[in-house]
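Asker: Residue numbers (the UniProt record's numbering): 1 to 171. To start, I am sharing the structure in question, which I have written as structure tokens.
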């Protein structure tokens, strides 16, 4: 079980103990599913792009253009991340043109909408703030007031997915 707790490493001991207790009593999955009974319907990459652009246009109109927003099945495995924001510069006729791309781990294709929103907000915030500093998190909370709760819940979502996979293997 301690490998599951890697998702919440760094949180206060009392929170880790609460989550650990839910896991030990086989209650984390039902608790999570009661908290988040539905999943979002944003399945296509066009829908994901439109979703991200709606948030960007509401809160960050004057930031860099985003050329692509996609689900990526390789993110979690390779980068130990849930999303990536990349800027690619290309030379076009002596001028540098930047293309910003956002990639969301494909596991979030089946997540509750608030958790997807938190990831999109996180990656959009990187357009303005490159580092995970105070200004970055202030921007995230401006776009999503419950950002920190949803970030924690996204970690629980990853734990729930692993527990479900273990249950399938055991059958």
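Note that the Cβ used here is the ideal one computed from N, Cα and C, for glycine as well.
Among residues of its own chain, excluding the 5 on either side of residue 135, which ones have a beta-carbon nearer than 7 Å to its beta-carbon?
Answerer: Cβ neighbours of residue 135 beyond the five flanking positions: 129.
Asker: So what does DSSP say about residue 44, is it helix, strand or coil?
Answerer: It is coil, neither helix nor strand.
Asker: Check the C-beta distance from residue 72 over to residue 103 and give it rounded, since I have them as a contact under 8 Å.
Answerer: Contact flag correct, Cβ pair sits at about 4 Å.
Asker: Excluding the 5 residues preceding and the 5 following residue 78 in the sequence, name in chain order all residues of the same chain whose CB lies nearer than 6 Å to its CB.
Answerer: In this predicted model, residue 78 has a pLDDT of only 46, less than 50, meaning its place in the structure is not dependable enough to derive any value.
Asker: Once the 5 residues before and after residue 40 are set aside, which same chain residues still bring their CB inside 6 Å of it?
Answerer: 113 and 116.
Asker: Would residue 66 and residue 100 qualify as a contact pair, given that the criterion is a beta-carbon distance under 7 Å?
Answerer: Yes; because the gap between Cβ atoms is below 7 Å, this pair is in contact.
Asker: Over what stretch of residues does the alpha helix (DSSP H) that includes residue 160 continue unbroken?
Answerer: From DSSP, the alpha helix (DSSP H) with residue 160 extends over 147-170.
Asker: Could you give the DSSP three-state label for residue 72: helix, strand or coil?
Answerer: Residue 72: strand per DSSP, three-state reduction.
Asker: For residue 64, which residues from the same chain have a beta carbon less than 6 Å from its beta carbon, with the 5 sequence-adjacent residues on both sides left out?
Answerer: Excluding sequence neighbours, residue 64 sits near 100 and 127.
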